[in-house]
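Residue numbers 0 to 183, in numbering that gives the first Met the number 0, belong to the letters of the sequence shown in order. Don't be surprised by glycine CBs; every beta carbon is placed ideally from N, CA and C.
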Amino acid sequence: MFAAFARCSSTPLRQARLPSSTNIVARICRSLSSQPANPFLPNVAGSSVSIKPKWTVEENTGPISQAWVVMQGSAARQHDQPEKSPEEIWQDRETRTVANLPKPHGSKEGRSTYVFNGDVASAFGRLARIVKNNRMFLELRQYERHERRGAKRSRLKSERWRRRFAHEVRMKVKLVNAIRARGA
Numbered sequence: 000m001f002a003a004f005a006r007c008s009s010t011p012l013r014q015a016r017l018p019s020s021t022n023i024v025a026r027i028c029r030s031l032s033s034q035p036a037n038p039f040l041p042n043v044a045g046s047s048v049s050i051k052p053k054w055t056v057e058e059n060t061g062p063i064s065q066a067w068v069v070m071q072g073s074a075a076r077q078h079d080q081p082e083k084s085p086e087e088i089w090q091d092r093e094t095r096t097v098a099n100l101p102k103p104h105g106s107k108e109g110r111s112t113y114v115f116n117g118d119v120a121s122a123f124g125r126l127a128r129i130v131k132n133n134r135m136f137l138e139l140r141q142y143e144r145h146e147r148r149g150a151k152r153s154r155l156k157s158e159r160w161r162r163r164f165a166h167e168v169r170m171k172v173k174l175v176n177a178i179r180a181r182g183a
């Protein structure tokens with residue numbers, strides 16, 4: 000394919016001998032031969048007349064060309080703006096992003112819930128779920144008595160291992176169920 004393209008670029012299109020199987024190459028050569036190498040360069044060296052590209056907005060008014068116009072406009076605006084110092088760039092970014100950030104979470108954010116439409120029962124249910132998921136009751140029971148460092152370390156190590164092992168068992172059971180569902 001590259002050899003056919005090289006032949007096309009070195010000879011005019013009507014003289015290029017392309018096999019019938021290189022339809023794509025013929026299209027590429029045809030499109031390249033109808034346009035100059037750079038459409039923005041003048042026709043003749045030293046002349047002030049520039050070539051108008053074939054894909055101008057007046058001829059093609061599809062959504063892609065409109066997006067192209069927007070991109071060209073934003074690039075031109077950026078080019079016309081004077082360069083800003085790093086401090087000014089930082090300040091602009093801060094004023095834009097910090098204004099849209101959510102409020103930081105308070106100290107009670109992870110252990111509180113809201114009451115919607117006076118439905119206290121569902122709020123208590125959500126709160127009980129939060130207490131259970133965060134293991135707050137077990138943690139309070141453990142703090143009733145002192146636990147030596149070594150015992151605490153070994154207990155936490157054992158809990159981590161049990162949690163990891165349970166996760167792996169769940170994954171294997173899921174895999175076995177998927178294999179059974181396939182009918183194997």
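Local conformation of residue i per DSSP, three classes
| i | result |
| --- | --- |
| residue 137 | helix |
| residue 155 | helix |
| residue 112 | coil |
| residue 121 | helix |
| residue 131 | helix |
Rounded C-alpha distance that separates residue i from residue j
| i | j | result |
| --- | --- | --- |
| residue 181 | residue 93 | 54 Å |
| residue 121 | residue 134 | 20 Å |
| residue 83 | residue 108 | 40 Å |
| residue 138 | residue 173 | 31 Å |
| residue 155 | residue 161 | 10 Å |
| residue 81 | residue 88 | 12 Å |
| residue 127 | residue 164 | 27 Å |
| residue 167 | residue 177 | 15 Å |
| residue 151 | residue 140 | 14 Å |
Any non-hydrogen atom of the ligand ADP within 8 Å of residue i CB
| i | result |
| --- | --- |
| residue 86 | Annotation note on the ligand ADP: not contained in the displayed structure, which lists no ligands. |
Integer-rounded CB distance, given that residue j should sit under 8 Å from residue i
| i | j | result |
| --- | --- | --- |
| residue 136 | residue 130 | 6 Å |
| residue 112 | residue 125 | 4 Å |
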